[in-house]
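Participant: Numbering (the numbering used here), first residue to last: 114 to 345. All C-beta atoms in this analysis are idealised placements derived from N, C-alpha and C, irrespective of residue type, glycine included.
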Amino acid sequence: MLNLKETGVVLLVDYSKLDEGTITETKINAERFLHDGGWDSTKRYFLVAANARDTISVIDTVERKLVKNIVTGTKPHPGRGANWVDPKYGRVWATVHLGEGLVSIISTDPKKKWAWTVVREWELDGNSLFIKTHPKSRWVYCDNTINKNKSNVLTIFDIKNPEAPAKEIEFKKKVVHMEYNKKGDEVWISLWDKEGEIVILDDKTHKEKARIKGLHTPTGKFNVYNTMKDIY
């Protein structure tokens, strides 16, 4: 998957044939301007943000075509997004937004009548950079980074009770990016500061287990196993 950002074009490239000196590709017109994206839980569909059009474009990598452009909130920024099973709507994928405090939750089961539509929206205290969950967790974590008053807040939603009020944890520094360990029982939170830290939370209790100090503005951090296996 190659996003030609300014053009709004996605290329599907057959990288097994690079040694032949040519690249076999499929050109798909999506939307502008293409940015971050990630796979649905089946690893068939790729969902990518088109920030300028407040849109998520869905690419079917089997039939090699655009499925749908889905209008979300202002300037979606999913990172890789987050996959889970909603108690009502089944398989879903979600994004946060640079332009407003909103989580847009999209149905990713093509057999459902509401497939490829926004089936839920959660409000956040601030505009956000990252969203994260794990197949072994019941929680969805969001930062509120782009907010002068609430950038130090971590917001946590309950997958099994999606209409319940969110839980909030306040820190003394700006929260930026969350990442699970391989087992899915810890969440690592970056506190973005010149004297920054990574805070490790127990995923079940949300209690602090440890801190890694002495880090200058820590941001993204990625568990190698989760990244290789596209676990998000």
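1) Leaving out the 5 sequence neighbours to the left and right, which residues in its chain are closer than 7 Å to E144 when beta-carbon positions are compared?
2) Can you tell me where the alpha helix (DSSP H) with V337 in it begins and where it stops?
3) Whose C-alpha, out of V300, L304 and E308, is nearest the C-alpha of D316?
4) Three or more beta-carbon pairs under 8 Å between the stretch 282 to 297 and the stretch 211 to 221, yes or no?
5) Which of the three DSSP states, helix, strand or coil, is assigned to S129?
6) Does the beta-carbon of A323 have 16 or more other beta-carbons within 10 angstroms, so that it is buried, or is it exposed?
7) Contact check, I272 vs W197 under 8 Å by CB: the rounded distance?
8) Below 8 Å on the Cβ atoms is my contact criterion, and I expect S220 with T230 to pass it. Report the Cβ-Cβ distance as a whole number of Å.
9) By DSSP's criteria, N196 is part of a beta bridge. Which residues make up the other side?
10) Have a look at I141, R204 and V232 and flag the residue whose alpha-carbon is nearest the alpha-carbon of V184.
11) Beta-carbon within less than 6 Å of W252's beta-carbon, same chain only, minus the 5 sequence neighbours each way: which residues are those?
12) Let me check understanding here. Comparing Cα to Cα, which of N294, D149 and Y254 lies closest to K280?
13) In the DSSP assignment, find the unbroken beta strand (DSSP E) run with R145 in it and report its ends.
14) Could you compute how far the alpha carbon of E176 sits from the alpha carbon of N142?
15) For the beta strand (DSSP E) that contains L237, what are its first and last residues?
Facilitator: Looking at the atomic coordinates:
1) Excluding residues within five positions, the ones whose Cβ falls inside 7 Å are G121, A163, R166, T168, S170 and N182.
2) Residues V337 to M341.
3) Of the candidates V300, L304 and E308, V300 places its Cα closest to the Cα of D316.
4) Not touching, per the Cβ criterion.
5) Here S129 sits in helix by DSSP.
6) Burial call: exposed.
7) Under the criterion of beta carbons closer than 8 Å, I272 and W197 qualify as touching, at roughly 5 Å.
8) Yes, they are in contact, since the Cβ atoms of S220 and T230 sit about 6 Å apart, within 8 Å.
9) According to DSSP, N196 bridges with W206.
10) When only C-alpha atoms are compared, the closest one is V232.
11) Here W252 has I269 as same chain residues with Cβ atoms under 6 Å from its own Cβ, once five neighbours each way along the sequence are excluded.
12) The shortest C-alpha separation from K280 is found at Y254.
13) Per DSSP, R145 lies in no beta strand (DSSP E) segment and is marked neither H nor E.
14) A direct Cα-to-Cα measurement between E176 and N142 gives close to 14 Å.
15) Bounds of any beta strand (DSSP E) do not take in L237, whose DSSP letter is neither H nor E.
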